[in-house]
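Student: Handing you a structure now.
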Amino acid sequence: MKRLSEEELIHWIAAGGEDAPAFLRRGIGDDCAVCRPAPGTELVVTTDLLVENRHFRLTTSPLADLGWKVGAANLSDIAAMGARPVAFFLAAAFPPDRQAEFKAIMGGLRAILQWAAAPLAGGDLSAADRFLFCATVIGEAPAGGALLRSGARPGDIVYITGEPGYSAAGLRLLEAGWRVGARGGVRDAAGAPVPPQAPARRCLTRHLRPEPRLAAGLFLRESGAVTACIDTSDGIAKDLRQIAVMSGVGTEIDAVFVRACADGALVTVADALGGGEDYELLFTVDPSREATFLNAYTRAAGLPPLRRVGRIVADHPGELRLLTPAGPQPLPVSGFDHFRPPRSHEPRA
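Going by my numbering, the sequence shown opens with residue -18, and the numbers climb by one from there.
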């Protein structure tokens, strides 16, 4: 395949984009994108960095799935704010002789941006000795309406969307030698094909192709019942502690929730509490509005299931405790940390 120049690559990227929405007066092509927020809105902005052999390995991640995940990690932050994505920016660096891989990765990124209706509005390219992606996303929410981590109050009830722990279980399978082909075929560590309905496939999908909870995030904000929210990129324990610290409260996790997280086969309690990369929404609900909120959520179409995690308390600000028959017990906080030595199952992805 012909190696393209930087300018040719930029033209190739721009040619595959969608039509710019009203928010973007100008996208790819100028020194800066020109944005035009709607009246009565505020902007939320997030940036995420993924480095080869720290956050992902190309030996375990199909290229298109990696591109999807580059988008998912950033779009999940927008979901946690209860915002709508309106512009996506990508800075990428990679070895010049690996353009074919870069194009395949971009195919996955384009797929999730189309799914999320988030236009690629600009970025930058450079050469490097490994793949590196730095994405920035702009989201839009009503002025004063973005969900924050700092609003939880004693008495609030803690909920989470979806299936915590499945991503960590999927990563463990990949590290054990399971592989997903470019066309979606799965083989276990012994090389045997895995049936389409096997539970392990769901874990692999949740790890390689997570779906940011954008629709759920919008519902949470519009409900008026949610007091704080965060996405679970680093694990329930670590992310719930972030809410506790930012809100100046303590948290108690129900033992019933912890037991329910372990499916007895693939997903463990450690996966759910400390695995991370689930990209679910972890949030707190005003107890006086809980029943109305749950009734409306259940009736809404296309939203992931909810699980009750625990409650917010005034005691032990910034700490997590597990509710046991013997009473609340301190819960060690685990989760992904960029600056500690990798565990055996990392890099992630």
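C-beta atoms are modelled at their ideal positions from N, C-alpha and C, and glycine is treated no differently. Predicted model only: the values in this text are computed from it and were never measured.
(1) Thinking C-alpha only, which one of Gly104, Thr305 and Arg270 is nearest Cys13?
(2) When the Cα atoms are used, what is the spatial distance from Ala330 to Gln223?
(3) On the three-state DSSP scale, how would you describe Pro43?
(4) Evaluate contact between the segment 264 to 275 and the segment 168 to 178, counting only Cβ atoms and requiring at least three cross-stretch pairs below 8 Å.
(5) Under a three-way DSSP split, which group does Val331 fall into?
(6) Quick one: measure Cβ to Cβ for Leu262 and Ala197, integer angstroms, because I've assumed they're closer than 8 Å.
(7) When you compare the CB positions of Pro313 and Cys242, do they come within less than 8 Å of one another, or not?
(8) How many angstroms separate the CA atom of Leu304 from the CA atom of Thr232?
(9) State the Cα-Cα distance for the pair Leu254 and Ser(-14), rounded to the nearest angstrom.
(10) Leu275 to Asp267, Cα distance in whole Å?
(11) How far does the beta strand (DSSP E) with Cys13 in it extend, from its first residue to its last?
(12) Could you give the DSSP three-state label for Asp215: helix, strand or coil?
(13) Classify Arg190: buried if its beta carbon has 16 or more other beta carbons within 10 angstroms, exposed otherwise.
(14) Can you give me the C-alpha to C-alpha distance between Arg187 and Arg160, rounded to a whole angstrom?
(15) Pull up the distance between the alpha-carbon of Ala157 and that of Ala170, whole angstroms please.
(16) What is the rounded straight-line gap between the Cα of His326 and the Cα of Ala74?
(17) Among the candidates Asp137, Phe264, Ser57 and Leu247, whose CA atom is the shortest distance from the CA of Gly151?
(18) Starting from Ala23, trace the beta strand (DSSP E) both ways and give me its first and last residue.
(19) Could you pull out every residue in the same chain whose Cβ sits closer than 7 Å to the Cβ of Pro180, ignoring the five residues on either side in sequence?
(20) I need the boundaries of the beta strand (DSSP E) containing Asp118, first residue and last residue.
(21) Gly63 and Gly126 - do their beta-carbons sit closer together than 8 Å?
(22) Cutting at 7 Å between CB atoms, please list the residues of its own chain near Thr142, excluding the five before and the five after it.
(23) Helix, strand or coil for Val239? Go by DSSP, reduced to three states.
(24) For Asp215, does the count of other Cβ atoms within 10 angstroms reach 16, so buried, or fall short, so exposed?
(25) Quick one, which of Phe264, Thr22, Val51 and Ala295 has its alpha-carbon nearest Phe37's?
(26) Find out if the Cβ-Cβ distance for the pair Ala218, Pro43 is shorter than 8 Å.
(27) Judging by CA-CA distance, which residue of Tyr140, Ile211 and Thr249 is the nearest neighbour of Ala149?
(28) In whole angstroms, what is the alpha-carbon distance linking Leu221 and Ile211?
(29) Do Thr22 and Ala122 have their C-beta atoms closer together than 8 Å?
(30) Judging by CA-CA distance, which residue of Gly283, Phe264, Asp235 and Ala(-5) is the nearest neighbour of Met87?
(31) Along the beta strand (DSSP E) that carries Leu154, what are the first and last residues, could you check?
(32) Answer yes or no: do Ala209 and Phe264 have a C-beta to C-beta separation smaller than 8 Å?
(33) Would you kindly check if the distance between the Cβ of Leu199 and the Cβ of Val376 is under 8 Å?
(34) Identify every residue that forms a DSSP beta bridge with Gly308.
(35) Once DSSP output is grouped into helix, strand and coil, what is the label at Pro77?
Tutor: To lay it out plainly:
(1) For the purposes of this step, residue 13 is identified with residue 32 of the sequence shown, where counting begins at 1. Considering only alpha carbons, the answer is Gly104.
(2) Start at 1 with the first residue of the sequence shown, and residue 330 comes out as number 349. Start at 1 with the first residue of the sequence shown, and residue 223 comes out as number 242. Low confidence applies to Ala330: its pLDDT is 45, below 50, so where it sits in the model is not reliable enough to give any reading.
(3) The count along the sequence shown starts at 1 and reaches residue 43 at position 62. Pro43: coil per DSSP, three-state reduction.
(4) no
(5) With the chain covering only -18 through 330, there is no way to say anything about residue 331.
(6) Within the sequence shown, the letter at position 281 stands for residue 262. Within the sequence shown, the letter at position 216 stands for residue 197. Indeed, because the Cβ distance is near 6 Å, the residues count as touching under 8 Å.
(7) Numbered from 1 along the sequence shown, position 332 holds the residue referred to as residue 313. Numbered from 1 along the sequence shown, position 261 holds the residue referred to as residue 242. No; because the gap between Cβ atoms is not below 8 Å, this pair is not in contact.
(8) Counted from its first residue, the sequence shown places residue 304 at position 323. Counted from its first residue, the sequence shown places residue 232 at position 251. Cα to Cα, Leu304 sits roughly 10 Å from Thr232.
(9) For this step, residue 254 is matched to residue 273 along the sequence shown. For this step, residue -14 is matched to residue 5 along the sequence shown. Distance between the alpha carbons of Leu254 and Ser(-14): 45 Å.
(10) Here residue 275 refers to the residue found at position 294 of the sequence shown. Here residue 267 refers to the residue found at position 286 of the sequence shown. Taking the straight line from one Cα to the other gives about 11 Å.
(11) Stepping through the sequence shown from its first residue, residue 13 is reached at position 32. Where Cys13 is concerned, there is no enclosing beta strand (DSSP E), given that its DSSP letter is neither H nor E.
(12) Locating residue 215 in the sequence shown gives position 234, counting from the first residue. Correct three-state label for Asp215: coil.
(13) On the sequence shown, residue 190 is found 209 positions in, with the first residue counted as 1. It is buried - the Cβ of Arg190 has at least 16 other Cβ atoms within 10 Å.
(14) Here residue 187 refers to the residue found at position 206 of the sequence shown. Here residue 160 refers to the residue found at position 179 of the sequence shown. Whole-angstrom Cα-Cα distance: 14 Å.
(15) In the sequence shown, the residue the question calls residue 157 occupies position 176. In the sequence shown, the residue the question calls residue 170 occupies position 189. About 6 Å.
(16) In the sequence shown, counting from the first residue as 1, residue 326 sits at position 345. In the sequence shown, counting from the first residue as 1, residue 74 sits at position 93. Only weak support is given to the placement of His326: the predicted model assigns it a pLDDT of 42, under 50, and the question is left unresolved by the model.
(17) For this step, residue 151 is matched to residue 170 along the sequence shown. Out of Asp137, Phe264, Ser57 and Leu247, Leu247 has the C-alpha closest to the C-alpha of Gly151.
(18) Position 42 of the sequence shown holds residue 23. The displayed chain sequence assigns Glu, not Ala, to residue 23. Segment Thr22 to Val32, the beta strand (DSSP E) holding Glu23.
(19) Mapped onto the sequence shown, residue 180 falls at position 199. If we look at Pro180 and ignore the five residues flanking it on each side, its Cβ neighbours are Ala246 and Leu247.
(20) Along the sequence shown, one-based indexing puts residue 118 at 137. At residue 118 the sequence reads Val, which differs from the Asp that was named. Start and end: Leu113 to Pro123.
(21) Indexing the sequence shown from 1 puts residue 126 at position 145. Indexing the sequence shown from 1 puts residue 63 at position 82. Closer than 8 Å, so yes.
(22) For the purposes of this step, residue 142 is taken as the residue at position 161 of the sequence shown. Within the same chain, Thr142 has close Cβ partners Arg194, Ala197, Glu261, Leu262, Pro285 and Leu287.
(23) Sequence index remark: in the sequence shown, residue 239 carries index 258 (1-based). Helix at Val239.
(24) Numbered from 1 along the sequence shown, position 234 holds the residue referred to as residue 215. So Asp215 ends up on the buried side.
(25) Position 56 of the sequence shown, counted from the start, is the residue given in the question as residue 37. Comparing Cα-Cα distances from Phe37 to each of Phe264, Thr22, Val51 and Ala295, the minimum goes to Val51.
(26) Sequence index remark: in the sequence shown, residue 218 carries index 237 (1-based). Sequence index remark: in the sequence shown, residue 43 carries index 62 (1-based). Against a cut-off of 8 Å, the Cβ pair of Pro43 and Ala218 comes out as no contact.
(27) In the sequence shown, the residue the question calls residue 149 occupies position 168. For the residues Tyr140, Ile211 and Thr249, the minimum Cα distance to Ala149 belongs to Thr249.
(28) What you label residue 221 is simply residue 240 of the sequence shown in a count that begins at 1. What you label residue 211 is simply residue 230 of the sequence shown in a count that begins at 1. Taking the straight line joining both Cα atoms gives about 8 Å.
(29) To locate residue 22, count along the sequence shown from 1; it is residue 41. To locate residue 122, count along the sequence shown from 1; it is residue 141. A contact, by the Cβ cut-off of 8 Å.
(30) For this step, residue 87 is matched to residue 106 along the sequence shown. The residue with the shortest Cα to Cα distance from Met87 is Ala(-5).
(31) Start at 1 with the first residue of the sequence shown, and residue 154 comes out as number 173. Careful: Leu154 lies outside any beta strand (DSSP E), inside the alpha helix (DSSP H) at Tyr147 to Glu156.
(32) Along the sequence shown, one-based indexing puts residue 209 at 228. Along the sequence shown, one-based indexing puts residue 264 at 283. Going by C-beta atoms, Ala209 is nearer than 8 Å to Phe264.
(33) The structure shown has nothing for residue 376, since the chain only spans -18 to 330.
(34) Against the sequence shown, residue 308 aligns to sequence position 327. Paired residues: Thr305.
(35) Position 96 of the sequence shown, counting from 1, holds the residue named residue 77. The answer is helix: DSSP assigns Pro77 an H, G or I state.
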